[in-house]
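Under this note's numbering, the first residue of the sequence shown carries the number 7, and numbering increases by one thereafter.
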Amino acid sequence: MTLATFDGLRQWAARRRDPEGGALLEAAYRRDDNACPPRMVYVEEREGARERGHAELTTLLRTAEREGQFRFRSVIEELVEAALDMSAAAPERCLLAVRAEVQSADSSPIDVTESRAQAEMDRRCVGEWKRRLLARVPAKNVLSVKRAPSNASSPATNSYLRQLSSDVIERVKELVQKSPLDIEEEISTSRQHHAELLSCLTSWSDPLVTAAAQQVMAWVKSHSTSNKPLIIVGAAGYGKTSLLAQLSQHLEAPPVVRRFRPQDAVLHRRQLLAALASEVQLARPGVTLIVTATSLAHLEGEQWRATDDANVLRLSAWTRDEVLHRLDGALGRSERVLTREQRDAATARCLANPSALFVTCAAEWALSSCSFHPGTSIPEDLECYYRVTFDRLERTLGAELVASACRYVTMSHLGLTETELCDLLTSTDPGATGSGTQAGQWPPADWIALKNQLTSLWTRQWRHHRLVLSWRHRAAAEYIERRYLADRADRLARHADLSNLHLLGFLVTPEDADGDGKGDEVTGPGLRANQRALQSLRMADGLWYHLVRSGDVERLKLTVLCNFRHLWQSARMRGPAHLYKMAAATRQWFLDWEAELVHHALRKTEELEGDWSDQLAPQLLIWLHHASLPDVVWDIALPESVHLYAPAADGVHVYVCCGGREFQLWHLLSCRSVHTFRGHTGDVTCVYPSPDGRHVVSGSEDCQVIIWSATSFRSLFTIDRHIASVLCVSSASLASRGDIVVSGGEDSCLYVTRLRSTEHAHGSHDKTVILWCLESLTVLNEISVPAAVTHMSVSGGAMFLLTACLDMMVYVHSFTTGSPLHSLHNHQSQVTSLASSKDGELCVAGCRDSKVYVYDIASARLLRTLPRHGSAVLAARFASRGHLLVTAGASRVLVTHVQPLTVKPRVYVSDRKKIPVEHQADITCVDISADETMVVTGSSDSHLKVWLAPSGDLHATLEGHTGPVTCVQFAPNGLYAVSGSQDTSIRVWGLTLNLVVAAFTDHMTPVVSVCVLSDSKRTLSADKGGVLMLWQVETGVVLLTCQGPGELIRVTPDQTYAISGNSAGHQLYVWTLNKNETKNTISHNDVIRCFDVSSDSLHVITGSNDASLKVWTIAEGRLTQVLVGHEAAVTCVAYPAYVSHTAASGGDDCLVMAWDVDTGSSNGCLSVRSATSGQLETSDTT
């Protein structure tokens, strides 16, 4: 607001004798003397009384507007002006729709509360705005439209809208369809805009950065054949990125840049630099390797630094002249001025923090502040600058909106587009929309204001053909992490939101995201396919990253790691080796049996060479099906000798003590120290992490027990009741008493402390085990053992109590009664650790002889002895639902695969009923389960038998039919099987209890075929009388009835069509599953012996006695290809899984042929010429 307008409003308020209005204006606006010319600036605040003052100010200004003293700019006007400003470089891309006539004053629908003068002023303002818009948009892009009918529901309104839509579409088509000359002109303009964008990116250039860039260019020209990398050293914020931005415009070949931060591992840095320094120069001569670092401490050696550090460029602090040059340049671009006092204060503050980042931030702050006090207003450092900036944003736009936007941008691994960020703010967090608005209803003006005010902090980067938002410097992200992401639960929730966003983007990506390779590489279909592929890659990588960081292991496996569609798509786009790298990276975060299984299954991808796109899907299935784990999955060498080891609840972190008064939290799989706990004054003797992962309890020789937070690592409580060293600690969470800690010491006392499962046991050297009720603090039972107790464990389900004693025996008692059962005694050394599985079946004893013994608790049988550790086994713990065992010695941690030990033999139905294993009549039908673990056979003896595929053992005999079984099929989900019989019935067999769960008796003649649909909820059956029925498995309700042949039945994978026929017929019938009518028919000149449906549900291929194969479209029944090559009747044909353009067939001519169904050519042939000799001959017929 100009000073004259503000003075006019104050005088108007004084004439109205409204002192409150004048005071409201004075409080809401502040004079900005730094603007050219000075003006009044509205101070936006959204807190409490100031929010109410905003409403009162709006009412006051509306009154002034009606009286002709002031005019508001509507939200629409603001948005249109902003859009035109963004399109100022290309106004020919704008389309303006304007009403052809202006409504007269007499016919204006003026409200009774408004004056005629106000209406006249509104029309005048609209007319002025219309003239401004017409001046900014070319005349050919102005579309004149008529006024809409007053009745919105009338047919005339619909006709008006259709005509308006048609006119707009036609005009847009005219703008898009341009001549080649216009297109070339636009390309030239686009290149010019790109150059301007690059110049804007480097607009912060200063004499120091320019001089450094010139020095680098001189070094590159003089050392073009050198094998030394160029090392740029400078503290954080000293302009390394700005220097690289300038270099990218002047170097002939793009440089290879590696950035190293202080937290990077030293070994990783050295190995990576060694590889880069030796390989980049050899493989790509002329390419400059640039290394940026904050220190030269880890870059010592002749292979990095040249003589006299000729290849090292050090960025120093800014001088006074450089600071003044930066401030004056920013003032000139913004048309603002600073007083001498303000300029001197800003210069002094910048010289106190002479980094390029702080000087830039201080200049931006000085330019965005109005009439600031030179002595106290300027931020002292970056921390203060960020705090002031975000405090101002929260007061202006609301704390939740600012916090949520900053959290998502900070945590996004690959950046977020503006659309994605808006979707997250409006859909995932109702509070993120600021005060006074609901989710999805916050005004776009708030987003525009937020984006504009954060311009100095974040930047736009071009990634994967998308313009994404990210922070300009890591310092801003670190501050946001401290301010908004201190809560671990909040971080995990935000990662989950981002994973949902990337999952949706990955699912909606077209199937042909990898492109067809056609079209121009620069423009056209080829470019669009590449853009889709890059977007799909971005979504896939972001999905994996955020699922890993969210800590949701089960969802990660379900969506990514164990999801075949995701694996297949990732392999198609990135190559098979990418799958192995993804699995290898995932296992660094989680200790999970299925993740290890996939990782070992995908090791063979490193051996693939050439194009495997056609065979990739079946090859992946084969690898995953035959995957197996070695005995030792992880063998981790510890950097120090460990005396105490306590696994955390998450399975990948451990608490270790190497002796002394402190203990550490380590990440097990990377052997990286996360935190060191200090607070005891004596040696630490015991550590116990709580099962819920919230606390960790430690005891020491100083007689103290300290409870720590497992998330913030702070000391919460100290217990000092013991008068001797603490030997053991534990914790529990009780409904009536809350969190409690139990500790025992050399003083023979057991203390229970409430901190503001109910059963807990502990042993001692008095040869007794006492069972306590922690709710009432009473003794429940006392169990005597032959020797002093050293270790103890309670099995899963509280069935067994296991105690390891000094006599080298492990005694097993009933946990509820305390009665002795038996002992485990096959080990030959003192037990140093004891653990049991959650299912209560296995026990692991780690001994002083460095061996680990695995027992079956119920039978006391030694199952296995695991590899030696080289020292006494300090701890053992089952992980990943009992599939993996983690054992720790003084210098090694072993993760062992014990899953086969937990598989118990099934109790077969045939064993209980004494039924013979073999069928007593001919086998009439057979089917294999989808996971290939079971086989079901039907026989003329009316029985079905289920067999275990790996071993061939009989699993169950299913009885129920009264006639020969004619057909059987497993459900795709593997939970049941469906069989048909000559007794006209269909039975559904549950494979869990091997019993009949449903029977279907609507058929009147013998059932000849059944087909379970891919949803495992519906079944299609046919009888000998030619009746086909589609029915629900759970209810038996008939959904559809058709009349036609049904001896052979196939259903398309998308469950849209069914195809049926007879083995002696010349035709196939295509049925629509939502209608009881024939869609079309398919026919041969001779009997159709076989057919199969493609995986994409588009084609069916048929084989006939006429020695030919034909390919048909299912929807239209149109013949698309005839395959000729067999010399006799074709008896079998099949499409491979997940591939629709190849097929294989076999015939009575002893030939097996592979076909390309798109071209009709044969890709290969396998021939058995002599059945008696058994000789195989291969020939290529391509």
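Backbone N, C-alpha and C define an ideal beta-carbon position, used for all residues, glycine too.
{"Check": "So, helix, strand or coil for V658, using DSSP?", "Outcome": "coil"}
{"Check": "Measure the Cβ-Cβ separation of S835 and M814 and say whether it is below 8 angstroms.", "Outcome": "yes"}
{"Check": "By alpha-carbon positions, which one of P970, E965, V1014 ends up nearest to L997?", "Outcome": "E965"}
{"Check": "With a Cβ-Cβ cutoff of 8 angstroms, do A1143 and W1161 count as a contact?", "Outcome": "no"}
{"Check": "By how many angstroms is the C-alpha of I642 removed from the C-alpha of L675?", "Outcome": "7 angstroms"}
{"Check": "Using the C-alpha atoms, what's the distance from L399 back to Q458?", "Outcome": "The sequence as given places Asn at residue 458; Gln does not occur at that position. Distance between the alpha carbons of N458 and L399 is about 11 angstroms."}
{"Check": "Going by beta carbon distance, what residues of the same chain come within less than 7 angstroms of G803, once the five residues before and after it are set aside?", "Outcome": "G846"}
{"Check": "Take A242 as the anchor and find which of A482, C849, L431 has the nearest alpha-carbon.", "Outcome": "A482"}
{"Check": "Have a look at A716, R684, P697, A878 and flag the residue whose alpha-carbon is nearest the alpha-carbon of S706.", "Outcome": "R684"}
{"Check": "Evaluate the contact criterion for the region 635-649 versus the region 554-564: three or more CB pairs, one atom per stretch, below 8 angstroms.", "Outcome": "no"}
{"Check": "Could you pull the start and end residues of the alpha helix (DSSP H) that A962 belongs to?", "Outcome": "It is not in any alpha helix (DSSP H) - A962 instead sits in the beta strand (DSSP E) that spans 960-964."}
{"Check": "Compare the beta carbon distance of L1045 and R1024 with 8 angstroms and say whether it is the shorter of the two.", "Outcome": "yes"}
{"Check": "Between the Cα of I237 and the Cα atoms of C734, R168, V901, N317, which residue gives the shortest distance?", "Outcome": "N317"}
{"Check": "Report the rounded CA-to-CA distance for A145 versus A29, giving the unit in angstroms.", "Outcome": "47 angstroms"}
{"Check": "If V47 sits next to D38, beta carbons under 8 angstroms apart, how far is it from one beta carbon to the other, in whole angstroms?", "Outcome": "5 angstroms"}
{"Check": "Scan the region 394-426 and note each continuous beta strand (DSSP E) run of 3 residues or more that stays entirely inside, going in chain order.", "Outcome": "none"}
{"Check": "Beta-carbon separation of G1052 and S1110 under 8 angstroms?", "Outcome": "no"}
{"Check": "Excluding the 5 residues preceding and the 5 following R197 in the sequence, name in chain order all residues of the same chain whose CB lies nearer than 7 angstroms to its CB.", "Outcome": "Below a pLDDT of 50, predicted positions are generally treated as unreliable, and R197, at 49, falls in that range; the measurement from the model is reported next regardless. Nothing meets the Cβ criterion."}
{"Check": "Looking at C-alpha atoms only, which residue of L1026, R488, L460, R489 is the closest neighbour of S476?", "Outcome": "L460"}
{"Check": "Count the other C-beta atoms from every protein chain shown that fall within 10 angstroms of the C-beta of P695, then say buried if there are 16 or more, exposed otherwise.", "Outcome": "buried"}
{"Check": "With DSSP run on the structure shown, which of helix, strand or coil describes Y1141?", "Outcome": "coil"}
{"Check": "Put R883 into one of helix, strand or coil per three-state DSSP.", "Outcome": "strand"}
{"Check": "Within the same chain, show all residues whose beta-carbon is closer than 8 angstroms to that of A1070, passing over the 5 residues directly before and after it, in chain order.", "Outcome": "V1093"}
{"Check": "Of all the options I713, N1080, L403, which has the alpha carbon lying nearest to the alpha carbon of D1060?", "Outcome": "N1080"}
{"Check": "With DSSP run on the structure shown, which of helix, strand or coil describes W453?", "Outcome": "helix"}
{"Check": "Closest by CA to L960, which one among E924, P970, V974, S946?", "Outcome": "E924"}
{"Check": "Between S160, A351, L373, A358, which has its C-alpha nearest A41's C-alpha?", "Outcome": "L373"}
{"Check": "Between which residues of its own chain and D1098 is the CB-CB distance below 8 angstroms, once the five residues before and five after are set aside?", "Outcome": "R1056, V1106, I1107, V1139, A1140, Y1141, A1149"}
{"Check": "Assign W135 to one of three DSSP states: helix, strand, or coil.", "Outcome": "helix"}
{"Check": "Between the Cα of R153 and those of R138, S159, L170, P161, spot the shortest distance and give me the residue it belongs to.", "Outcome": "L170"}
{"Check": "On the CB-based measure, 16 or more other CB atoms within 10 Å of its CB, does M1010 come out buried or exposed?", "Outcome": "exposed"}
{"Check": "Ordered along the chain, which non-local residues of its own chain (more than five positions away) have a Cβ less than 8 angstroms from that of A20?", "Outcome": "G28"}
{"Check": "Verify whether the separation of the beta carbon atoms of A546 and F512 is less than 8 angstroms.", "Outcome": "yes"}
{"Check": "Check this for me: beta carbons of T939 and A962, under 8 angstroms apart or not?", "Outcome": "no"}
{"Check": "Excluding the 5 residues flanking W550 on each side, which residues of the same chain have their C-beta closer than 7 angstroms to its C-beta?", "Outcome": "V566, M588"}
{"Check": "Please state whether DSSP places P97 in a helix, a strand or coil.", "Outcome": "helix"}
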